[in-house]
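Protein chains in written order, with this note's numbering: chain A, 4 to 323; chain B, 4 to 323.
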C-alpha cells in the first residue's frame with residue numbers, strides 16, 4: 004500500500020508518494036497559480052496526483068488515501084479549508100472537490116503541522132515521541148507532536164506558536180497583534196533587523212555585501228557579514244538568535260518536549276545558528292540542574308519534503 | 004476504599020481523606036515548622052495522617068495510598084523531592100521517609116500540578132478533558148491537564164508557566180531570569196505595581212486606604228481603590244490584568260485547552276478580575292472567527308483544597 008501527500012504552498016503544489024516503509028518513491032511539483040479560483044487549483048492538485056501515480060507505475064487502487072498540508076486553518080472532520088490568507092482560500096471544501104476527480108479518502112491539516120509530523124515520523128525527531136518543530140521562514144510556523152501525533156488542542160488550533168507574545172507592546176505582527184514571536188524571529192524580521200542596522204551603520208560589511216542597495220538584503224546577509232568578522236552583522240545575528248531563543252525557552256518551560264527541531268530557510272545556517280541558540284535557550288530555562296535532562300535542539304532533517312511526508316502520514320494519525 | 008492527600012506548604016501541612024466518590028470525608032492541618040530538618044517535618048506529616056485516619060473512623064487498611072503535593076521539583080518514580088526552595092528541601096527521600104511510619108504506597112508531585120488535577124477531577128474543569136489551572140499567588144503556578152492527566156513532559160518538568168518570558172529584558176524574577184510572567188502577574192508583582200503607583204501619586208485612594216503606610220499595601224488594595232473610583236487604582240488593576248492576559252493568551256495560542264481555570268488569592272476578586280481578563284485575552288488571540296470555539300476562562304472552584312484533592316488523586320493517574 005502507498006500514501007500520497009500534497010504540500011499546497013503559495014508558489015507550488017508539491018506532492019509525493021510514500022511506500023509502506025515511509026520511503027518516498029516519487030515526487031514532483033507544479034505551480035500553484037494562486038491568483039486562480041479554488042476549483043482550478045484543486046483540479047490541478049488532483050491531476051498532478053494522478054500523473055505521479057501513473058509515473059510511479061501504480062494505480063489509484065494502490066493508494067490508501069491522499070493527505071493534504073495547507074497553510075491556514077482547517078476543519079479536519081469535514082475536509083474544509085476554513086481560512087488561508089496567503090492563497091486566498093475561504094471555506095473551501097477541499098476534500099469533496101478533490102473527490103470529484105479521485106475517489107480516495109482525503110485528509111487535510113495545517114502545513115506546519117504536517118512538517119512537524121514528517122520530522123517526527125522519519126526526520127530529526129524520529130527517535131522521540133514528543134517533539135516541537137519550528138520553521139523559521141517568511142513567518143514562524145510550528146507543530147507540536149505528542150506520542151507521534153499532531154497535537155491539536157480542543158478546537159484544532161493548537162501550535163500557532165509564531166503568535167505567542169514575547170515583547171509586550173512590541174513590533175507589529177502581520178496577524179494584527181503586537182510583540183508576537185514571529186515579528187522578531189522570522190526571516191522577514193531578520194531582514195528588517197539587518198536593514199535597520201545597515202541604515203544606522205553605513206560602513207558595515209552588510210552595506211558592502213549588497214553594494215549599498217539595501218533592498219538586496221536577505222536572511223543570509225547578516226550571517227555573511229558576521230563571517231567577515233563585521234561587528235554590525237555579528238550584533239544583528241546575536242540579537243536575532245536571542246529572539247529565537249526566548250520563544251523556544253517559553254515552549255520548553257511549558258511543554259518540555261524531548262526534541263525541538265529547527266526548520267525553515269534560516270535553519271540552513273546549521274551549527275552557526277544552533278550552537279549559540281542552544282546556549283541562549285539554556286540561559287532562559289527555569290531549573291537547570293544536572294539531574295533533570297533538557298530538550299535537545301537539532302536541525303530539521305527532511306527539510307523541504309517534510310510537508311509532503313507529514314501530509315502522506317495524516318491518515319495514519321492514531322495508528323502509528 | 005479511601006485516598007489520603009497531603010498538601011505540603013511553607014506554612015501548613017494540610018491533609019484530607021477522600022472517599023470513592025471523591026468527596027472529602029475529613030480534613031485538617033498542622034503547622035509545617037519549615038525551619039526544622041526534614042525527618043521531623045515528614046514525621047509530622049505521617050502522624051497527622053494517622054490522626055485523620057483515626058478521626059474518620061478508619062484504619063490504614065482502608066486507605067489505598069497517600070499522595071503528597073509539594074512545592075518544587077519531584078522525582079516521581081523514586082518519591083524524591085529534588086528541590087524545594089521555600090521549605091529548604093534538597094534531595095529528600097519523601098516516600099521512604101513516610102513509609103517508616105505508614106506502610107502505604109506514596110505518590111508525590113508538584114503542588115501546582117496537584118491543584119490543577121484537583122480542579123480537573125472535581126472542580127471547575129471537571130466537565131472537560133484538557134485544562135490549564137493557573138494560580139495567581141505569591142508566585143504564578145500552573146498545571147497542564149490533558150485527558151484528565153497531569154501533563155509532565157519528557158523530563159517531568161512541564162507546566163512551569165510562571166517562567167515563560169513575556170517582556171524581553173523585563174523585571175527581574177525570583178528565578179534569576181528577567182521578564183518572566185510571574186514577575187508581572189503574581190500577587191507579589193501586583194503589590195509592587197500598587198506601591199509604585201502610590202509613591203508616584205501620593206493623593207490616590209491607595210495611599211488613603213493604607214493610612215499612607217505603603218508597607219500595608221496588599222494584593223487587594225488596588226482593587227479596593229478601583230471600587231472607590233480611584234483613577235490610579237483603576238490604572239494599576241487594568242495594567243495588571245493586561246499582564247495576566249498576555250500569559251494566558253500565550254498558553255491558549257500554544258495549547259488551546261478547553262478551559263483555563265484561575266485560582267490563587269487574586270482569583271477571589273471573581274468577575275471583577277475575570278470579565279476584563281476575558282476581553283484582554285481575546286484581544287491577544289490569533290484567529291478569532293465564530294467558526295472556531297475558544298477556551299473558557301473560569302474561576303477555580305475548589306480553591307484552597309484543590310491541592311489536597313489533587314494529591315489524593317495522584318495514584319489514580321492513568322486510571323481515570
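No residue lacks a Cβ here, since even glycine has one placed at the ideal position from N, Cα and C.
Contact with chain A is found for residue 160 of chain B, since one of that chain's Cβ atoms lies less than 9 Å from the residue's Cβ.
Interface residue (Cβ-Cβ distance to chain A less than 9 Å): residue 287 of chain B is classified as such. Taking C-alpha positions only, residue 282 of chain B is separated from residue 11 of chain A by approximately 35 Å. DSSP places residue 114 of chain B within a helical segment (H, G or I) once states are collapsed to three.
Residues of chain B whose Cβ lies closer than 9 Å to the Cβ of residue 156 of chain A are, in chain order, 133, 255, 257, 258, 259, 260, 261 and 298.
In the DSSP assignment, residue 314 of chain B is bridged to no other residue.
The shortest CA-to-CA distance from residue 54 of chain B to any of B:75, B:105, B:80 and B:250 is the one to B:105. Residue 167 of chain A places its beta carbon 9 Å or farther from that of residue 178 of chain A. Proximity of chain B to residue 163 of chain A at the Cβ level (cut-off 8 Å) is accounted for by 256, 257, 289 and 290, in chain order. The segment 303 to 313 of chain B makes contact with the segment 16 to 28 of chain B, as at least three CB pairs between them are under 8 Å. Between residue 115 of chain B and residue 138 of chain B a beta carbon distance of about 6 Å is seen, short of the 8 Å cut, so the two are scored as contacting.
Here the segment 272 to 280 of chain A does not lie against the segment 79 to 89 of chain A, with fewer than 3 beta-carbon pairs under 8 Å apart.
Close CB contacts of residue 95 of chain B within its chain, under the 6 Å cut and outside five residues either way in sequence, are with 41 and 84 (chain order). The DSSP-derived three-state label of residue 285 of chain A is helix. Assignment of residue 243 of chain A by DSSP, reduced to helix, strand and coil, places it in the helix class. About 7 Å separates the beta carbon of residue 255 of chain B from that of residue 263 of chain B, a gap short enough to meet the 8 Å contact definition. Against chain B, a Cβ distance below 7 Å from residue 167 of chain A picks out 253, 256 and 257. About 5 Å separates the beta carbon of residue 239 of chain B from that of residue 200 of chain B, a gap short enough to meet the 8 Å contact definition.
In the structure shown, the three-state DSSP call for residue 38 of chain A is coil.
Three or more beta-carbon pairs drawn from the segment 139 to 155 of chain B and the segment 113 to 130 of chain B are found closer than 8 Å, and the two stretches are therefore classed as touching. With the criterion set as a beta carbon lying under 9 Å from some beta carbon of chain A, the members of the segment 103 to 133 of chain B are 131, 132 and 133, in sequence order. When Cβ-Cβ separations below 9 Å define contact, residue 170 of chain B makes contact with chain A. Excluding five sequence positions before and after residue 175 of chain B, the CB atoms of its chain that fall closer than 8 Å to its own CB belong to 181 and 186, given in chain order. Taking 9 Å as the cut-off, the Cβ atoms of residue 37 of chain B and residue 44 of chain B count as close.
A straight-line Cα-Cα distance of about 40 Å links residue 198 of chain A and residue 157 of chain B. Within the segment 57 to 77 of chain A, 76 place their CB atoms closer than 8 Å to a CB of chain B, listed in sequence order. In the structure shown, residue 169 of chain A adopts coil according to DSSP, grouped into three states.
Take residue 128 of chain A, set aside five residues on each side of it, and the residues of its chain with a beta-carbon closer than 6 Å to its own are 122, 134, 262 and 264, in chain order. Counting along the chain, residue 97 of chain A sits inside no beta strand (DSSP E); it lies in the alpha helix (DSSP H) bounded by residues 97 to 101. With 16 or more other CB atoms across the displayed protein chains lying within 10 angstroms of its CB, residue 245 of chain A is buried. Counted as a single uninterrupted DSSP element, the stretch harbouring residue 105 of chain A is not any beta strand (DSSP E), since DSSP gives it neither H nor E. In this structure residue 75 of chain B is in contact with residue 87 of chain B, their Cβ atoms being roughly 3 Å apart against a cut-off of 8 Å. Residue 212 of chain A: member of the alpha helix (DSSP H) spanning 208 to 212, first to last residue.
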